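K.L.:
Have a look at this one before I ask anything.
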Amino acid sequence: MLEKILIFIIFLGPLVFFHELGHFLFARLFGVRVEVFSIGFGPKLFKFKRGDTDYCISAIPLGGYVKMFGDDPMNMEAVPVEDRPMSFTHKSKWARFWIVMGGPLANFILAYVIFFTLLVGGEKVPELRIGMIPETSSLFQAGLRPGDSLRMFNDKPVLSPTDIALEGTNPVKSVAVMRAGEILTLPLNMTGEQFLNELIQYPPALRKPYLVNKSGETFLLSRTSDGPTVKFSLDEMSLLTGVEAYQVLKVPASFSEENLAKQNLEVVESFELTQNGREDLLSVLREKGFTSKDLMARSILQGSAADQAGLKMNDTIIGVNGEGIYSFDSLVNKIQNETASPILFSVWSAGEAKDLQITPVVKLEEGKERKLIGVYSSAEFVPIEFIQTESKGLFASVPLAMARTWDVTKKTLEGFRMLFTAQVSLKTIGGPIAIGQVASDSFNTSLTYFFQLMALISINLGIINLLPIPVLDGGHIVFIMLEAINRGPISRRKMEIAQQVGLSLLLLLMVGALFNDVSRFF
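Using the numbering used here, you'd call the opening residue of the sequence shown number 237 and step up by one each time.
Take a look at the structure:
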């Protein structure tokens, strides 16, 4: 938790700092006295004074503010005549516009600088891989397979899920994937939003090709043409088509995944198979006395339904109510869909096959009933591979960063339009907890992801602050424009009403975002 809080502060700090720096620099440019420059709200943890300005770091790191001399339009006349040249409200409309605009502008500039730096330095990003999509899914029907690595989307490189999300409702005509060392281009008939929504349902948790037998011994499955390797997942192997030759290799106690080819693993089984469907390989292995290791129980929750029924650590579940099961995910789904109680489980235990009757415990999770038996899987997953892109060069990166900034801005605006027209649910809005979670996840995945997300949120902050809501920068700009149209200041009463409405809207938005966060994570 402390690590996540620290990452959140590291993530949000630059966004707040540059936003407030934009206001500060334009204020100083037009001769306005800045009284306070604060990162954060609430009690001041650290501060020092230089010139007329107190520089502070405050306790609540969810924003910041620049306090300018004479910034209260309700008390313009209270400013002494001799101090009015340094007062914000006594500056020209043009000067006030740029002082207010400075904050959002700084957010867009920061995003551009981040994109430019990433393009110049090259980007290291994890592969976007397809997870265990079922054969009924539209992704499978379009020709995608588990283990496919996404490379192009509408003939544009894919470096992060953000690249897909930004397509929004735009049609996706094609997708290019890396499969078994080859690039394949597949036609697609869905929007970016539809593609991403389905993709995230199936995380790329692809099983290493480890098998177990009835006695709980571990084996490694490999294609004869590849030799011993854990590079290809069991899920990828189970979807190969055509005639393939396989070997089952004994894994000794001294086994290491490094330098597999030099370990002279004993071949205990060799066979060829012409595959026509997902279950072919796994069902043939089952007939030969092997099954995927993820079905072995790594541990049993003490006092759980499985524990009470006699299931033990290293026991392997191979069937439910007489039907064969070939993955732990399938086991979980089968338990959820079974109406009979108790459920009959077929198990390999200490070299023997036996049946156990287990009655799942029903618990409420996120408003849905879940049937639990208390078994933890022994699954091992293929690690994420990283892709290092080449530097685009100093001069080429200038227009490319501009194009990326504009593209993100344009698609973010489209997202806000869909939100305001109810095409997208308000439940999709995230607050500080959601931002902190994705910031932590991106930091632990790749620094490129972390900074890409920072650029995206910077643009979002810039756009949000330009919304025509009083108390936001956009609301102040609207007041300045109304002054120009009215040829004079807005009445005190109208400003008070507008600010009250704006503050109420902002509070509702914040409460909604926090409610979504709490509902999503707790």
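For glycine and all other residues, C-beta sits at the position ideal for the given N, C-alpha and C.
Computed from a predicted model, the values in this text were never measured in an experiment.
I'd like to know whether the C-beta atoms of G276 and P297 end up nearer to each other than 9 Å.
P.N.:
Translated into the one-based positions of the sequence shown, residue 276 becomes position 40. Translated into the one-based positions of the sequence shown, residue 297 becomes position 61. Yes, the pair counts as a contact, with Cβ atoms nearer than the cut-off.
K.L.:
Whose CA, out of L600, L447 and I721, lies closest to the CA of D530?
P.N.:
Taking the first residue of the sequence shown as 1, we reach residue 530 at position 294. It is L447 whose Cα lies nearest to the Cα of D530.
K.L.:
With a threshold of 6 Å on Cβ separation, who are the neighbours of L346 within its own chain once the five nearest residues in sequence on each side are excluded?
P.N.:
In the sequence shown, the residue the question calls residue 346 occupies position 110. Excluding residues within five positions, the ones whose Cβ falls inside 6 Å are F254 and S694.
K.L.:
Select from R387, R723, T353 and N696 the residue whose C-alpha is nearest the C-alpha of R653.
P.N.:
Along the sequence shown, one-based indexing puts residue 653 at 417. The option with the nearest alpha carbon to R653 is N696.
K.L.:
Applying the criterion that 16 or more other CB atoms from any shown protein chain within 10 Å of the CB defines a buried residue, is Y348 buried or exposed?
P.N.:
As a first step, residue 348 must be located in the sequence shown, where it is residue number 112. Y348 should be labelled buried.
K.L.:
Kindly list the residues whose CB is nearer than 6 Å to the CB of N449, restricted to its own chain and excluding five residues on each side of it in sequence; keep chain order.
P.N.:
In the sequence shown, residue 449 corresponds to position 213, counting from 1. Closer than 6 Å at the Cβ level, and outside the excluded window around N449, lie G525 and F526.
K.L.:
Looking at S678 and G357, is the spacing between their C-beta atoms short of 9 Å?
P.N.:
Along the sequence shown, one-based indexing puts residue 357 at 121. Along the sequence shown, one-based indexing puts residue 678 at 442. No, the Cβ-Cβ distance between G357 and S678 is not below 9 Å.
K.L.:
What did DSSP end up calling T427 once you bin it into helix, strand or coil?
P.N.:
One-based indexing of the sequence shown puts residue 427 at position 191. If DSSP states are grouped into helix, strand and coil, T427 belongs with the strands.
K.L.:
Just to confirm, are M638 and I350 a CB contact at a threshold of 9 Å?
P.N.:
On the sequence shown, residue 638 is found 402 positions in, with the first residue counted as 1. On the sequence shown, residue 350 is found 114 positions in, with the first residue counted as 1. No.
K.L.:
How should L501 be labelled, buried or exposed, when 16 other C-beta atoms within 10 angstroms of its C-beta is the threshold for buried?
P.N.:
Reading the sequence shown from its first residue, position 265 is the one you call residue 501. By the neighbour-count rule (16 or more Cβ atoms within 10 Å), L501 is buried.
K.L.:
May I ask you to list the residues that DSSP assigns as paired with V466?
P.N.:
Indexing the sequence shown from 1 puts residue 466 at position 230. DSSP lists no partner for V466.
K.L.:
Using 8 Å for Cβ pairs, my map puts Y301 next to I369. What's the rounded Cβ distance?
P.N.:
On the sequence shown, residue 301 is found 65 positions in, with the first residue counted as 1. On the sequence shown, residue 369 is found 133 positions in, with the first residue counted as 1. Between I369 and Y301 the Cβ distance is about 47 Å, and since that is not below 8 Å, they are no contact.
K.L.:
Identify every run of the alpha helix (DSSP H) within the region 509-588, keeping only runs that are complete inside it and at least 4 residues long; order them along the chain.
P.N.:
Within the region 509-588, the complete alpha helix (DSSP H) runs of at least 4 residues are 515-523, 541-545 and 564-573.
K.L.:
In terms of alpha-carbon separation, which member of L375, I536 and R534 lies closest to Y412?
P.N.:
As a working mapping, residue 412 is identified with position 176 in the sequence shown. At residue 412 the sequence reads Ala, which differs from the Tyr that was named. For A412, the nearest C-alpha among the options comes from L375.
K.L.:
Within a Cβ cutoff of 6 Å, which residues of the same chain sit near P423, ignoring the five residues on either side of it in sequence?
P.N.:
The residue given as residue 423 occupies position 187 in the sequence shown. Result list for P423: S410, in chain order.
K.L.:
Going along the chain, which unbroken runs of the alpha helix (DSSP H) with 4 or more residues stay wholly within the region 322-364?
P.N.:
Taking only runs of at least 4 residues, the alpha helix (DSSP H) segments lying wholly in the region 322-364 are 329-357.
K.L.:
When burial is assigned at 16 or more other CB atoms within 10 Å of the CB, is F631 buried or exposed?
P.N.:
Residue mapping note: residue 631 aligns to position 395 of the sequence shown, counting from 1. F631 comes out exposed.
K.L.:
Going by the CB atoms, is the gap between E403 and T372 shorter than 9 Å?
P.N.:
Locating residue 372 in the sequence shown gives position 136, where the first residue counts as 1. Locating residue 403 in the sequence shown gives position 167, where the first residue counts as 1. No; because the gap between Cβ atoms is not below 9 Å, this pair is not in contact.
K.L.:
What does Y446 pair with, by DSSP beta-bridge criteria?
P.N.:
Residue mapping note: residue 446 aligns to position 210 of the sequence shown, counting from 1. For Y446, which the question treats as bridged, DSSP gives the partners L456.
K.L.:
For the beta strand (DSSP E) containing D290, list its first residue and its last residue.
P.N.:
Walking along the sequence shown from the start, residue 290 turns up at place 54. It spans T289 to M304 - the beta strand (DSSP E) in which D290 sits, taken as one unbroken run.
K.L.:
Would you say the beta carbon of D551 comes nearer than 8 Å to a heavy atom of the ligand ADP?
P.N.:
This structure does not include the ligand ADP; it has no bound ligands of any sort.
K.L.:
Can you confirm whether Y446, when its beta carbon is compared against all beta carbons of chain B, has any partner nearer than 9 Å?
P.N.:
The structure shown contains no chain B; it holds only a single protein chain.
K.L.:
Give the C-beta separation of T398 and L692 to the nearest angstrom, bearing in mind that I take them to be a contact with Cβ-Cβ under 8 Å.
P.N.:
Counting from one through the sequence shown, the residue named residue 398 turns up at place 162. Counting from one through the sequence shown, the residue named residue 692 turns up at place 456. That belief holds up - the Cβ atoms of T398 and L692 are roughly 6 Å apart, short of 8 Å.
K.L.:
Would DSSP call D399 helix, strand or coil?
P.N.:
Within the sequence shown, the letter at position 163 stands for residue 399. The answer is helix: DSSP assigns D399 an H, G or I state.
K.L.:
Does DSSP put V315 in a helix, a strand or coil?
P.N.:
As a position in the sequence shown, residue 315 is number 79, starting the count at 1. If DSSP states are grouped into helix, strand and coil, V315 belongs with coil.
K.L.:
Return the chain-ordered list of same chain residues with a C-beta closer than 6 Å to the C-beta of D391, the five sequence neighbours on each side being excluded.
P.N.:
Within the sequence shown, residue 391 is the residue found at index 155, counting from 1. Excluding residues within five positions, none has a Cβ falling inside 6 Å.
K.L.:
Mind the definition here: the region 449-462 touches the region 578-592 only if three or more C-beta pairs lie below 8 Å; say whether that holds.
P.N.:
The region 449-462 is in contact with the region 578-592.
K.L.:
What does Y612 pair with, by DSSP beta-bridge criteria?
P.N.:
Start at 1 with the first residue of the sequence shown, and residue 612 comes out as number 376. According to DSSP, Y612 bridges with S535.
K.L.:
To which residues of the same chain is Y612 closer than 8 Å at the C-beta, ignoring the five residues directly before and after it?
P.N.:
Looking up residue 612 in the sequence shown gives position 376. Contacts found: A533, R534, S535, I536 and L537.
K.L.:
Go ahead and pull the three-state DSSP assignment for S474.
P.N.:
Start at 1 with the first residue of the sequence shown, and residue 474 comes out as number 238. Coil, per DSSP.
K.L.:
Per DSSP, which residues does Q483 bridge with? Please list them.
P.N.:
Residue 483 sits at position 247 when you count from the first residue of the sequence shown. Paired residues: S458 and S506.
K.L.:
Rounding to the nearest angstrom, what Cα-Cα distance links F247 and E256 in this structure?
P.N.:
Here residue 247 refers to the residue found at position 11 of the sequence shown. Here residue 256 refers to the residue found at position 20 of the sequence shown. Cα-Cα distance, rounded: 15 Å.
K.L.:
Would the region 590-609 count as touching the region 567-577 if we require 3 or more Cβ pairs under 8 Å?
P.N.:
Segments in contact, yes.
K.L.:
Give a yes or no on whether the C-beta atoms belonging to E621 and P362 are separated by under 9 Å.
P.N.:
In the sequence shown, counting from the first residue as 1, residue 621 sits at position 385. In the sequence shown, counting from the first residue as 1, residue 362 sits at position 126. Yes, the Cβ-Cβ distance between E621 and P362 is below 9 Å.
K.L.:
Can you grab the Cα-Cα spacing for the pair R387 / L380, in whole Å?
P.N.:
Here residue 387 is taken as the residue at index 151 of the sequence shown, counted from 1. Here residue 380 is taken as the residue at index 144 of the sequence shown, counted from 1. When rounded, the distance between both Cα atoms is 13 Å.
K.L.:
What are the boundary residues of the alpha helix (DSSP H) that includes P370?
P.N.:
Here the question's residue 370 lines up with position 134 in the sequence shown. No alpha helix (DSSP H) holds P370; DSSP gives it neither H nor E.
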